[in-house]
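Have a look at the structure below before the remarks.
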Amino acid sequence: MTGTWEARVHIPAASPAPLRNAVGHALAAATAVRAEISMSWEGPHLRVVGPVDPGGSKAVGALLADIARRLAEADAAPRHSPPPPLPPPLAPAAQVGTAVRPFPPGDAHRSPAEAGAMALRRLMREQGLDPVTDLAVLIDSGLVGVDGAPTPLRPRVVLDTTEPPAVPYGWLLQSWTYLAADAVHCAVRGTRGCHTLRVTAPRALMPLPRLDLYAALWADALFSPGTLAFVADPLRVRQ
């Protein structure tokens, strides 16, 4: 389960055969990435799975853009061009759970990302965890430590500061999972001015009821009073 990502995308206007060929050609250069296509009355659904790499979500967005480009060029391809080999079938979907909470209003002095990071550190300390040794931050190039500390070898909590991959125009990103370690992954996500707290983890690590409770405790920690030392201690990421 360590170091995997999964994107599920709805492509309403695509036909199955051209999409299958576009995916096959695009994945020929991405040998560690696997994909499958399923059909519904709304159109094809694409599931893509791969290992975490330094390209992060931007690399996934580039892969989806490549598939879209090949799909758009399908009609111009020679009719005698052989189809690409089909990729091996995907393993069953990863057993991952996700809990979401609305981001509570009220902190006008910090951005949602800053407030979420400080609340997460407060929650970890209440649980007896040390943010320096138990917390890693996920950036586009991978995991890093905080406050100048080395990256923990086995972080208990990961603060995901990356953005979901961009999808081509007309496509819909249905779900995005990016687990860089066997840890609880926390992220502040924003869509159209509304923010949410999102907590994801392998179900073997944290079952859904506990995951939902963790998200609720994180939301509560946004308004918990902190010490002056904590408030004066911003999150610093070592690039």
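In case it helps, this note's numbering puts the sequence shown at residues 2 to 240.
For each residue, glycine too, the CB sits at the ideal point set by N, CA and C.
None of these values were measured; they are calculated from a predicted model.
Check whether the Cβ atoms of threonine 163 and leucine 136 sit closer than 7 Å, and answer yes or no. In the sequence shown, the residue the question calls residue 163 occupies position 162. In the sequence shown, the residue the question calls residue 136 occupies position 135. No, the pair does not count as a contact, with Cβ atoms beyond the cut-off.
Go through its chain and collect everything with a Cβ distance to methionine 207's Cβ below 8 Å, but skip five positions before and after it. The residue given as residue 207 occupies position 206 in the sequence shown. Result list for methionine 207: Gly98, Val185, Tyr215, in chain order.
Here's the rule I'm using: 16 or more other beta-carbon atoms within 10 Å means buried, otherwise exposed. How should aspartate 161 be labelled? Position 160 of the sequence shown, counted from the start, is the residue given in the question as residue 161. When all chains shown are included, aspartate 161 counts as buried.
Among Ala75, Val24, Ser39, the one whose alpha carbon lies nearest that of alanine 63: Taking the first residue of the sequence shown as position 1, residue 63 is located at position 62. Cα-wise, what sits closest to alanine 63 is Val24.
C-alpha distance - arginine 211 paired with valine 101, whole-angstrom precision: Here residue 211 is taken as the residue at index 210 of the sequence shown, counted from 1. Here residue 101 is taken as the residue at index 100 of the sequence shown, counted from 1. Cα-Cα distance, rounded: 13 Å.
Just the Cα atoms here: how many angstroms apart are proline 13 and alanine 167? Counting from one through the sequence shown, the residue named residue 13 turns up at place 12. Counting from one through the sequence shown, the residue named residue 167 turns up at place 166. If you take the alpha carbons of proline 13 and alanine 167, they lie about 17 Å apart.
Which listed residue (Gly143, Ser142, Ala118, Ala220) has its alpha carbon closest to that of proline 132: Taking the sequence shown and counting its residues from 1, one reaches residue 132 at position 131. Of Gly143, Ser142, Ala118, Ala220, the residue nearest in Cα terms is Ala118.
Pull up the distance between the alpha-carbon of glutamate 7 and that of proline 165, whole angstroms please. Position 6 of the sequence shown holds residue 7. Position 164 of the sequence shown holds residue 165. One C-alpha to the other measures close to 11 Å.
Spatial neighbours of tryptophan 219 within its chain, please: CB distance less than 8 Å, with the 5 preceding and 5 following residues excluded, ordered by chain position. Taking the first residue of the sequence shown as position 1, residue 219 is located at position 218. Result list for tryptophan 219: Arg102, Gly117, Ala120, Leu121, Leu124, Cys187, Leu198, Val200, in chain order.
Buried/exposed call for alanine 182, threshold 16 Cβ in 10 Å: Looking up residue 182 in the sequence shown gives position 181. Looking at its Cβ environment, which holds 16 or more other Cβ atoms inside 10 Å, alanine 182 is buried.
Looking only at C-alpha atoms, which of Arg157, Ala15, Ala30, Gly57 sits nearest to serine 142? Start at 1 with the first residue of the sequence shown, and residue 142 comes out as number 141. The candidate whose alpha carbon is nearest that of serine 142 is Gly57.
Limits of the alpha helix (DSSP H) - the one that isoleucine 38 falls within: The residue you call residue 38 lines up with position 37 of the sequence shown. Where isoleucine 38 is concerned, there is no enclosing alpha helix (DSSP H), although the beta strand (DSSP E) it sits in stretches over 35 to 39.
Which residues bound the beta strand (DSSP E) around alanine 116? Locating residue 116 in the sequence shown gives position 115, counting from the first residue. Looking at the DSSP string, alanine 116 is not in any beta strand (DSSP E); the run it does join, the alpha helix (DSSP H), is 113 to 127.
Opening and closing residue of the beta strand (DSSP E) in which proline 103 lies: Residue mapping note: residue 103 aligns to position 102 of the sequence shown, counting from 1. Where proline 103 is concerned, the enclosing beta strand (DSSP E) stretches over 97 to 103.
Which residues bound the beta strand (DSSP E) around isoleucine 140? Position 139 of the sequence shown holds residue 140. Looking at the DSSP string, the run of the beta strand (DSSP E) that includes isoleucine 140 is 136 to 140.
In angstroms with no decimal places, state the Cα-to-Cα distance between serine 225 and histidine 196. Taking the sequence shown and counting its residues from 1, one reaches residue 225 at position 224. Taking the sequence shown and counting its residues from 1, one reaches residue 196 at position 195. The straight-line gap from Cα to Cα measures roughly 19 Å.
Contacting residues, own chain, Cβ-Cβ under 8 Å from alanine 66 (five flanking each side not counted): Translated into positions along the sequence shown, residue 66 becomes position 65. Excluding residues within five positions, the ones whose Cβ falls inside 8 Å are Ala167, Pro169.
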